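**Student:** Heads up: the protein sequence lines correspond to chains E and Z, in order. Numbering-wise (this note's numbering), the first sequence opens with residue 16 and increments by one. Numbering-wise (this note's numbering), the second sequence opens with residue 16 and increments by one. Questions regarding the structure given below will be posed in turn.
Protein chains: 2
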Amino acid sequence: MAQRPTGFVRGPQPAPLARGHASPASDPSGAVFDALADPTRRRLVAVLGERGAASATELARELPITRQAVVKHLSALAGAGLASAAREGREVRYRLTPEPLSDAAAWMAHVGADWDERLAALERHLLPK
Amino acid sequence: MAQRPTGFVRGPQPAPLARGHASPASDPSGAVFDALADPTRRRLVAVLGERGAASATELARELPITRQAVVKHLSALAGAGLASAAREGREVRYRLTPEPLSDAAAWMAHVGADWDERLAALERHLLPK
DNA sequence: CTGTAGCGCAACCAATGGGTTGCACCTGCG
DNA sequence: CGCAGGTGCAACCCATTGGTTGCGCTACAG
């Protein structure tokens, strides 16, 4: 992909989150997309990313929702492998575990690549004649 | 790294979810994650990526769901800017428009990066010295 | 020892959303 | 022309789920 078609993956391989690994083809990242589908959850992920760690009540205080709701979301994220909980004293701190993100990214890259290729083939087939 | 030979700029979409955020790299790709949250939809995306284009009925034939359901999904994808429809004769062919994927990927990369940095800072803070 | 800040259930509510069925509307073809 | 394959719409299920409230337990600070 040099000046290839569309080069959907903007920039050179976004390596930032390349620490995991991932089998490209299939559909392993379902849970991740599912987890990220909710705006509140996305926000939580963002916050955890910036802040490093936080407790449910803490997060709830700066969000328009109940602590319980936050807990549910965090559980969801944990379920997708995006967050982990750890008891610390009398509170529970959650932190990000972004590895699964690379799986998701990989999936998208794969699909995009397929598409790019198909498009290239198409152009090749009807342009240079 | 910003030229797309194919020439479809796919202008900005509705994106009516502009809440009052301050952060720049906020939550642009919401629609994408939402669209990708459904397994069937992910499958459709994958198929469209490989095949280039297909009609709803065509897709419905090889999926365990109704054509209507497929249409709904395709609409959802289109709504997220991931697919586009084009009438061809008496049928409507849908094709992938993967650009939005890079936004989503970018978001993930950003979050991941933030996290990485925080982690690094933490290590730096308690390891050496 | 008592009070208070956090956490963990569990029940419950209302909205959303994936799917289906039914039907009317075109368009191309023999 | 007549018909068949393809679409578009709309009404209608029902399972999921984001969110809330209520309550009981635990743990640390005075």
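All C-beta atoms, glycine included, are put in the ideal place defined by N, C-alpha and C. All values reported here derive from a predicted model rather than from experimental measurement.
By Cβ distance, which residues of its chain are closer than 8 Å to GLY64/Z, with the 5 residues on each side in sequence left out?
**Tutor:** So the qualifying residues of the chain are LEU111, PRO113.
**Student:** For the beta strand (DSSP E) containing SER99/Z, list its first residue and its last residue.
**Tutor:** Start and end: 98 to 103.
**Student:** May I ask which residues mark the beginning and end of the alpha helix (DSSP H) holding SER90/Z?
**Tutor:** Counting along the chain, the alpha helix (DSSP H) containing SER90/Z begins and ends at 82 to 94.
**Student:** Could you pull the start and end residues of the alpha helix (DSSP H) that GLU106/Z belongs to?
**Tutor:** That residue, GLU106/Z, is in no alpha helix (DSSP H); its beta strand (DSSP E) goes 106 to 111.
**Student:** Around the C-beta of GLY45/Z, are 16 or more other C-beta atoms found within 10 angstroms, so that it is buried, or is it exposed?
**Tutor:** Burial call: buried.
**Student:** Closer than 8 Å is the cut-off here; do at least three beta carbon pairs connect the segment 57 to 75 of chain Z with the segment 92 to 106 of chain Z?
**Tutor:** These segments touch.
**Student:** To the nearest angstrom, report how far apart ALA135/Z and GLY127/Z are at their CA atoms.
**Tutor:** Roughly 12 Å separates the two Cα atoms.
**Student:** Would you verify that the beta carbon of GLU65/E is, or is not, closer than 7 Å to some beta carbon of chain Z?
**Tutor:** So, interface residue.
**Student:** Taking Cβ positions, are ASP42/Z and ARG57/E nearer each other than 7 Å?
**Tutor:** Yes.
**Student:** Taking only beta-carbon atoms, is TRP130/Z less than 7 Å away from chain E?
**Tutor:** Yes, TRP130/Z counts as interfacial toward chain E.
**Student:** Do TYR109/E and LEU78/E come within 7 Å of each other at the CB atom, strictly closer than that value?
**Tutor:** Contact: no.
**Student:** Which whole-angstrom value is the C-beta distance of VAL148/Z and PRO115/Z, which I expect to be below 8 Å?
**Tutor:** Because chain Z spans 16 through 144 in this model, residue 148/Z falls outside it and cannot be assessed.
**Student:** Give a yes or no on whether the C-beta atoms belonging to VAL60/E and LEU74/E are separated by under 7 Å.
**Tutor:** Taking 7 Å as the Cβ cut-off, VAL60/E and LEU74/E do not qualify as a contacting pair.
**Student:** Any beta carbon from chain Z within less than 7 Å of ARG57/E's own beta carbon?
**Tutor:** Closer than 7 Å to some Cβ of chain Z, the Cβ of ARG57/E qualifies, so yes.
**Student:** Is the separation between the beta-carbon of ALA119/Z and that of ALA91/Z shorter than 7 Å?
**Tutor:** No. Outside cutoff.
**Student:** Whose C-beta lies closer than 8 Å to the C-beta of VAL107/E among residues of the same chain, with five residues either side of it excluded?
**Tutor:** SER70, ALA71, ALA100, ALA101, listed in sequence order.
**Student:** Going along chain E in order, which residues have a C-beta closer than 8 Å to the C-beta of VAL86/Z?
**Tutor:** Per Cβ cutoff of 8 Å: no residues; VAL86/Z is ~21 Å from chain E at best.
**Student:** Residues of chain E with a CB under 7 Å from the CB of ALA119/Z: which are they?
**Tutor:** Simply MET123.
**Student:** Mark GLY94/E as exposed unless 16 or more other C-beta atoms lie within 10 angstroms of its C-beta, in which case mark it buried.
**Tutor:** Per the 10 Å Cβ criterion, exposed.
**Student:** Taking the alpha carbon of ARG82/E as the point to measure from, which residue in HIS140/E, ASP131/E, THR55/E has its own alpha carbon closest?
**Tutor:** Among HIS140/E, ASP131/E, THR55/E, the Cα nearest to that of ARG82/E is on THR55/E.
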